[in-house]
């Protein structure tokens, strides 16, 4: 029996050295101790990890070059307490001289920033104390989220125990309609399989419609694997992956793994993307998904947020600007643009996108996770509604427990900002 | 372990267990004070040390915040029984020493306020109110090793030397 790409990467990281020759298989359900290529923490998960690391007698992390610490959740600091947490992490980063740490004008949201900075290569194994660490599967890496104590374990030992997951194969065929993006495909997928449809499983995205997707759309899809309960969301390496990595550039050899033709899948689900229109996840679940034309009752909104680790890449801002160009945001509606990193911010500046947003009446924020988690930079009041390109719309996610979040693509969020209500891009452009 | 059951439904997410605005602390007592604040204000005051939380499918989905199991444990919850768990919450609970048991039968049958007893070593669950018992899914041998070592970090300390 062959192996999936996920099985092969895990095998290659737990001492099964002959994996590339088709031997040394790992089986779903098996628990393996794996070597970690990159360990990640942020300003809300790293403080607990650092305390646990010290309590366990840790003095030096196993390999500082393989550690990334990113202040992004409540950074730029939202208040004194978050400032203390950022400071605590910064001092640890400094003391340990970790390989990856960014501040101020060089910062970004971890899952947008790390791939741009060349921290992840195909075939690598990434463990992050953040649930959206699954984002890096877009590069053909195994990447999954854990909690703070697991991160402390990695900082101490450079290893983590993992249960080899079953894989759910998601096959996409057909031509995408105008405005339909990776965000629409992943929302549609979660709507179909449910918020626990891939619980404990690897989600392998494949098929001709996936080959046609740009890297930004693939990052968006991997990012939301966790919203279906997935352990990781993975894509195969192709010319688009290589072009993305060439542009960084990456200074190490790629280890490219592919699923075998006779690999076993727990389940295969097929999609005709031609049938998919722009999608919206209604409150209060990322699985509560409708096509935008199915929302027949008018839903007036107070705010839109365009950006985040899900949709804060330059391609996302380009499409939002395309929708908003020459128009103005509806009266009594707010719009916040969140470039995902300083690279994205600068590129948006150079391409004139920031001017389009300012002319439309949007506010442009420094990269931060703030509004997505109801932290700062756009918290919702009681009864307010927001169309957001983020990844979760749980009760109270962006502020007051009686506020509402509608998840959508950048095109749909931009259109909704212009119209002042939930609507698809076709209504505006 | 013996306590009264607090009942929750399917897909309880970690934002419900502890909203992100309280992730500015590493103090368990402070986290506990805000547990379920947005969905059941005042919930921590209803918990007596040793109570059991019983939930449906996919308990603890969403964010990786370890603050969620820490908040429940510090609020006095001795064990969580669910039909199924989201994977990061499950790992985190083991790592911080909050026993979690998987049993669809117990999850469906136990009602709010039922007095429930747990034998963590065998995974046996007894419902004293209804006079019924249930068996939870056994732990894989590796997980049992983690538990008997005293958690992940103790296990690593033992195996790395």
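Protein chains in written order, with our numbering: chain A, 1 to 429; chain B, 1 to 161.
Every residue gets a Cβ at the ideal spot worked out from N, C-alpha and C, and that includes glycine.
Bear in mind the structure is a predicted one, so any value in this text is a computation, not a measurement.
Residues that residue i bridges to, as DSSP identifies them
| i | result |
| --- | --- |
| residue 87 of chain A | DSSP lists no partner for residue 87 of chain A. |
| residue 422 of chain A | The partner list for residue 422 of chain A (beta bridge, DSSP) is empty, contrary to what the question assumes. |
| residue 4 of chain B | B/115 |
| residue 68 of chain A | A/40, A/100 |
| residue 324 of chain A | Its beta-bridge partners do not exist; DSSP assigns none. |
| residue 386 of chain A | A/303, A/405 |
| residue 127 of chain A | A/39, A/144 |
| residue 268 of chain A | A/169 |
| residue 100 of chain B | B/80 |
| residue 263 of chain A | A/2 |
| residue 380 of chain A | A/399 |
Per-residue DSSP class, three states only, for residue i
| i | result |
| --- | --- |
| residue 281 of chain A | strand |
| residue 107 of chain A | coil |
| residue 187 of chain A | helix |
| residue 247 of chain A | coil |
| residue 7 of chain A | helix |
| residue 359 of chain A | helix |
| residue 300 of chain A | strand |
| residue 372 of chain A | helix |
| residue 336 of chain A | strand |
| residue 406 of chain A | strand |
| residue 213 of chain A | coil |
| residue 312 of chain A | coil |
| residue 142 of chain A | strand |
| residue 112 of chain A | helix |
| residue 150 of chain A | helix |
| residue 108 of chain B | helix |
| residue 228 of chain A | helix |
| residue 17 of chain A | helix |
| residue 252 of chain A | coil |
| residue 330 of chain A | coil |
| residue 25 of chain A | coil |
| residue 2 of chain A | strand |
| residue 444 of chain A | Nothing can be reported for residue 444 of chain A: it is not among the residues displayed for chain A, which extend from 1 to 429. |
| residue 51 of chain B | strand |
| residue 9 of chain B | coil |
Heavy atom of the ligand MN within 7 Å of residue i beta-carbon
| i | result |
| --- | --- |
| residue 106 of chain A | You won't find the ligand MN in this model; it holds no ligand whatsoever. |
Cα-Cα separation between residue i and residue j, rounded to whole angstroms
| i | j | result |
| --- | --- | --- |
| residue 429 of chain A | residue 357 of chain A | 16 Å |
| residue 235 of chain A | residue 116 of chain B | 45 Å |
| residue 174 of chain A | residue 289 of chain A | 21 Å |
| residue 415 of chain A | residue 406 of chain A | 13 Å |
| residue 103 of chain A | residue 71 of chain A | 7 Å |
| residue 158 of chain A | residue 126 of chain A | 11 Å |
| residue 314 of chain A | residue 372 of chain A | 18 Å |
| residue 77 of chain B | residue 165 of chain A | 30 Å |
| residue 186 of chain A | residue 162 of chain A | 25 Å |
| residue 63 of chain B | residue 52 of chain A | 19 Å |
| residue 55 of chain A | residue 156 of chain B | 13 Å |
| residue 259 of chain A | residue 211 of chain A | 15 Å |
| residue 34 of chain A | residue 251 of chain A | 23 Å |
| residue 85 of chain B | residue 352 of chain A | 46 Å |
| residue 31 of chain B | residue 141 of chain B | 32 Å |
| residue 242 of chain A | residue 222 of chain A | 17 Å |
| residue 99 of chain A | residue 388 of chain A | 33 Å |
| residue 49 of chain B | residue 16 of chain B | 21 Å |
| residue 391 of chain A | residue 113 of chain B | 35 Å |
| residue 138 of chain A | residue 4 of chain B | 45 Å |
| residue 105 of chain B | residue 133 of chain B | 9 Å |
| residue 1 of chain A | residue 262 of chain A | 6 Å |
| residue 309 of chain A | residue 2 of chain B | 43 Å |
| residue 136 of chain A | residue 204 of chain A | 13 Å |
| residue 215 of chain A | residue 343 of chain A | 16 Å |
Residue i - containing beta strand (DSSP E), residue span
| i | result |
| --- | --- |
| residue 134 of chain B | 132 to 135 |
| residue 33 of chain A | 31 to 35 |
| residue 27 of chain B | Run containing residue 27 of chain B: none; DSSP gives neither H nor E here. |
| residue 127 of chain B | 124 to 127 |
| residue 17 of chain B | Per DSSP, residue 17 of chain B belongs to no beta strand (DSSP E); it is in the alpha helix (DSSP H), 14 to 17. |
| residue 290 of chain A | 289 to 291 |
Bounding residues of the alpha helix (DSSP H) (the contiguous stretch that carries residue i)
| i | result |
| --- | --- |
| residue 48 of chain A | 46 to 55 |
| residue 147 of chain B | 141 to 149 |
| residue 258 of chain A | That residue, residue 258 of chain A, is in no alpha helix (DSSP H); it is neither H nor E in DSSP. |
| residue 46 of chain B | 43 to 46 |
| residue 350 of chain A | 342 to 350 |
I'd like the ranges of any alpha helix (DSSP H) spanning at least 4 consecutive residues and lying wholly in the region 159 to 209 of chain A. 182 to 193
Length at least 4, wholly inside the region 55 to 95 of chain B: the alpha helix (DSSP H) runs in chain order: 67 to 75
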